[in-house]
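Chemist: Shown below is the structure under consideration.
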Amino acid sequence: MKKKLKRCNFCVMDNESDPTIFFNDKGECNYCLDTRERKISEYFPNEEGKKKLEKIIQDIKNETKNEKYNCIVGISGGVDSSYILYLGHKYSLKMLAVHIDDGLDTDVAKENIRKLCRAAEVDLVTIEPKKEEFADLTLSFIKAGVPNLAMPQDNILHNELLKIQKKYHIKYSLSGANFAMESILERSDFVNANDGYHIRKIHEKFGTIPIKNIKFTSILKEYIFNKFFNNIVVIKPLNYIDYNLKNVLEDLNKFCGYEYYGGKHYENILTRFLQCYYLPQKFHKDKRKSHFSSMIVSEQMSREEAIEKLTKNPYVEEKLFEEDIRSLAEYLNISEKELLYYIDSKQHSHRDYKISYLNYLAPIARKFRKFLV
1 MKKKLKRCNF CVMDNESDPT IFFNDKGECN YCLDTRERKI SEYFPNEEGK
51 KKLEKIIQDI KNETKNEKYN CIVGISGGVD SSYILYLGHK YSLKMLAVHI
101 DDGLDTDVAK ENIRKLCRAA EVDLVTIEPK KEEFADLTLS FIKAGVPNLA
151 MPQDNILHNE LLKIQKKYHI KYSLSGANFA MESILERSDF VNANDGYHIR
201 KIHEKFGTIP IKNIKFTSIL KEYIFNKFFN NIVVIKPLNY IDYNLKNVLE
251 DLNKFCGYEY YGGKHYENIL TRFLQCYYLP QKFHKDKRKS HFSSMIVSEQ
301 MSREEAIEKL TKNPYVEEKL FEEDIRSLAE YLNISEKELL YYIDSKQHSH
351 RDYKISYLNY LAPIARKFRK FLV
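Residue numbers (full-length UniProt numbering): 1 to 373.
The following block contains the structure:
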């Protein structure tokens, strides 16, 4: 029997997207209760935040004044990483931008990256994973029927950033991760993207060619070795400003003619397809609920507005869905019919396959978040 839909009375998270969700006697969910508590110590959209950010940036400049670069920034052409470049330029930081070009960037994202790097006057390193290997990795995740198809993409970026940081002796990494639009992320069926062991195991089971040229990072490397041995420091500047989507888009457009691409993570064909079709169709998960709920907590969207937006198809038009299916099938070297067959096949949890033991510690790590990030 299908469980009755229950939606939070404060945000728009519900038990359809995450069956592990729970509510208090006011009908408010654990996500927004936790997030509203964290907001006090994590998000500073005020004068206090401005002072904190200015001090952080000045400390970075002082410590790295003799280096070629003050910091590194991973960019996708999306809003968050783009605004990091804008802020860095505003504060005169010497930044090195790194982009993973997996062959699935939208034309808008490509143009945004070009405009941003030129306007911000930053050097850009573009990494192109071996296409045949990356396509086989992605297809193996689709065949496995797991939720996070973008996991290899994220993992490779983290690994490449570390390699480049070591090469250029860059201690500081500026991240576009932020509280304002990402404070609520459903976590019922996802595993840490840094779990290279999990990626390899899925590919061993479903892949068709050996992965010789692509290297992965690991949870141990990202959270222990990088922090305590490689001396890597990750800074999240967007948590120290009033990070409002409407204002951010205006700033970026004035700065370099930046164009918006329609939704969170829609700058890449794979991630757009993942959020607009794959997750809703296969797992009944609408990631917009997380994004809109985050924006409700950061007071840039009302609950009523979020509910109204959720009634609309994530794909603005049918034509875009057809284009994405065609592009992905061509990229993966399979037919559209075969791609849709895999999507309609049985869903699986990431935990149906081997994962790193450290992934099981994620709930504990979240409780000690402030010591790990």
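All residues carry an ideal CB built from backbone N, CA and C; glycine is no exception.
On a predicted model such as this, the values are computed, not experimentally measured, just so you know.
For Pro-129, is the classification buried or exposed, using 16 other Cβ atoms within 10 angstroms of its Cβ as the cut-off for buried?
Modeler: buried
Chemist: How big is the Cα-Cα spacing for Cys-8 and Gly-27?
Modeler: 6 Å
Chemist: Between which two residues does the beta strand (DSSP E) harbouring Cys-276 extend?
Modeler: Taken as a continuous stretch (DSSP letters only), Cys-276 belongs to no beta strand (DSSP E), as it is neither H nor E.
Chemist: Give the secondary structure of Leu-116 by DSSP, where H, G and I count as helix, E and B as strand, and everything else as coil.
Modeler: Residue state, collapsed to three classes: helix.
Chemist: What does a CB cutoff of less than 6 Å around Tyr-342 pick up in its chain, not counting 5 residues either side in sequence?
Modeler: Ile-142 and Lys-143
Chemist: Check the C-beta distance from Leu-178 over to Leu-238 and give it rounded, since I have them as a contact under 8 Å.
Modeler: Here the sequence assigns Asn to residue 178, which means Leu is not the residue at that position. 4 Å between Cβ atoms; contact.
Chemist: Which class does Phe-23 belong to by DSSP, given the choice of helix, strand or coil?
Modeler: strand
Chemist: Go ahead and pull the three-state DSSP assignment for Met-295.
Modeler: In the structure shown, the three-state DSSP call for Met-295 is helix.
Chemist: For Gln-300 and Asn-244, I'd like the C-alpha separation in whole angstroms.
Modeler: 7 Å
Chemist: Using the three-state DSSP reduction, which class does Lys-3 fall into: helix, strand or coil?
Modeler: coil
Chemist: Give the straight-line distance between the Cα atoms of Glu-304 and Lys-205, rounded to the nearest whole angstrom.
Modeler: Each residue's Cα considered, the two are about 45 Å apart.
Chemist: Report all residues from its chain with a CB closer than 7 Å to the CB of Glu-160; omit the five preceding and five following residues, and keep chain order.
Modeler: Val-98, Ile-100 and Ile-127
Chemist: From Lys-215, Leu-310, Ala-193 and Ser-175, pick the residue whose C-alpha is nearest to that of Val-234; which is it?
Modeler: Ser-175
Chemist: Taking just the CA atoms, how far does Ile-224 sit from Phe-371?
Modeler: In this predicted model, Phe-371 has a pLDDT of only 46, less than 50, meaning its place in the structure is not dependable; the value taken from the coordinates is given anyway. The straight-line gap from Cα to Cα measures roughly 11 Å.
Chemist: Which full runs of the beta strand (DSSP E) of 3+ residues lie inside the stretch 35-97, going along the chain?
Modeler: 71-74
Chemist: Just confirm the distance between the C-beta atoms of Leu-96 and Val-122, as a whole number of angstroms; I'd bet it's less than 8 Å.
Modeler: Cβ atoms of Leu-96 and Val-122 come within 8 Å of each other, at about 7 Å.
Chemist: How about the stretch 100-118 and the stretch 81-91: do they share at least three Cβ pairs that are nearer than 8 Å?
Modeler: yes
Chemist: Identify whether Tyr-261 lies in helix, strand or coil by the three-state DSSP scheme.
Modeler: coil
Chemist: Could you check how far apart the C-beta atoms of Ile-209 and Glu-132 are, in whole angstroms? I think they sit under 8 Å.
Modeler: 6 Å
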